[in-house]
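Notes follow once the structure below has been shown.
Numbering (the working numbering), first residue to last: 5 to 289.
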């Protein structure tokens, strides 16, 4: 048996991970000089944080450093417990690289420590989907190696579609310029984004109005969807429940029997998307 570990960027609730015995490494968010622990809703006040985003405050996030990884992983190394770490995208953070450096140091001290750090090349519930599939495979009796092989094959099938309602946080993160944002706000332009093969967020298109943006995400999701891989849709959101309901209703028009799981974006991810982000994740051909 091996231990599955992930980090707070998976946006799965802490109680769900506890249920499936998946361990997780918290992230940290800094706002107005104070640091907050993103522990997937265990103690973090999500409602308060959403209010801060609505007031256009801009939190900062930091990657997990080598020291934190070593501190978290060493108890498993000491007990010779094999580990699969399902990591946040290397295209969006340096955390994955830090995990590799931590593993190298730990294996010098514990040569028999069997651990794989897996770069999901995705974020939020895209990462969460892969965590849940890893847990499913483990329960079915797959080995660590077999689980990694499945994840490595199918992570390239994972499709992520995002839109945001407010461009200010994309300006803060360098995704759009102030001039582009000013024009976008004036004309009610909403960006359509996804995650590319390098695991980086990219602007794909822009549409006029929130309603069309949500419809476009659903259209892109169902185009080429392959539910034979994972018969499930995942929807993440930061505050706009009405928009989530609309997206779910549209998905159910096409796939009424397919389960749809929806959870709030955690503070680490929503720090970069702002209030009103909607993201849809699925497997595609």
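Glycine included, every Cβ here is placed at the ideal spot set by N, Cα and C. The model shown is predicted, which means the values in this text are computed figures rather than measured ones.
C-beta atoms of residue i and residue j nearer than 8 angstroms
| i | j | result |
| --- | --- | --- |
| residue 124 | residue 164 | no |
| residue 271 | residue 26 | no |
| residue 100 | residue 91 | yes |
| residue 248 | residue 239 | yes |
| residue 11 | residue 31 | yes |
| residue 193 | residue 210 | yes |
| residue 102 | residue 70 | yes |
| residue 235 | residue 265 | no |
| residue 138 | residue 273 | no |
| residue 35 | residue 63 | yes |
| residue 3 | residue 130 | Residue 3 lies beyond the stretch modelled for the chain, which goes from 5 to 289, so this question has no answer here. |
| residue 9 | residue 29 | yes |
| residue 81 | residue 114 | yes |
Cβ-based burial, residue i [other Cβ within 10 Å; buried from 16]
| i | result |
| --- | --- |
| residue 5 | exposed |
| residue 142 | buried |
| residue 246 | exposed |
| residue 160 | exposed |
| residue 227 | exposed |
| residue 258 | exposed |
| residue 213 | exposed |
| residue 135 | buried |
Cα-Cα separation between residue i and residue j, rounded to whole angstroms
| i | j | result |
| --- | --- | --- |
| residue 83 | residue 16 | 27 angstroms |
| residue 140 | residue 154 | 11 angstroms |
| residue 89 | residue 146 | 16 angstroms |
| residue 73 | residue 66 | 14 angstroms |
| residue 117 | residue 279 | 42 angstroms |
| residue 96 | residue 205 | 8 angstroms |
| residue 21 | residue 267 | 13 angstroms |
| residue 283 | residue 166 | 4 angstroms |
When the options are compared against residue i, the one with the closest alpha-carbon
| i | options | result |
| --- | --- | --- |
| residue 168 | 13, 276, 14, 9 | 276 |
| residue 170 | 267, 44, 242 | 242 |
| residue 46 | 202, 19, 206, 13 | 19 |
| residue 13 | 261, 43, 35, 238 | 43 |
| residue 98 | 203, 55, 58 | 203 |
| residue 281 | 232, 62, 196 | 196 |
| residue 149 | 208, 55, 119, 260 | 119 |
| residue 61 | 79, 87, 37, 158 | 37 |
| residue 76 | 106, 260, 233, 156 | 106 |
| residue 237 | 212, 286, 58 | 286 |
| residue 288 | 244, 157, 269, 208 | 157 |
| residue 232 | 162, 56, 269, 218 | 162 |
Review point. Do three or more CB pairs link the segment 222-230 to the segment 250-266 at distances below 8 angstroms?
Key: Yes, the segment 222-230 touches the segment 250-266.
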